[in-house]
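To start, the structure itself, in structure tokens.
Numbering (my numbering), first residue to last: 2 to 86.
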């Protein structure tokens, strides 16, 4: 696929909010070595921002679940100690 086709595919992926696909297309477009135009740099920037944002959000959810699990385990342990088990 040539650079223009990759850029068009990235634009379509952006409209569908498929930012992983936008990032992949833009990565392929940059590997040709040609400089990116302002709009193309913007596409790459938006894709990276959204991909990283989604990963960060997922990480926060997992961290929250882990923290709640630790707190629950600690409460269970303390309750068991209080009851003499």
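No residue lacks a Cβ here, since even glycine has one placed at the ideal position from N, Cα and C.
- Secondary structure at residue 36: coil, using DSSP grouped into helix, strand and coil.
- In the three-state reduction of the DSSP assignment, residue 17 falls in the coil class.
- Counting other Cβ atoms within 10 Å of its Cβ, residue 53 stays below 16 and is therefore classed as exposed.
- By the Cβ-count criterion, residue 62 is exposed, with fewer than 16 other Cβ atoms from all chains shown falling within 10 Å of its own Cβ.
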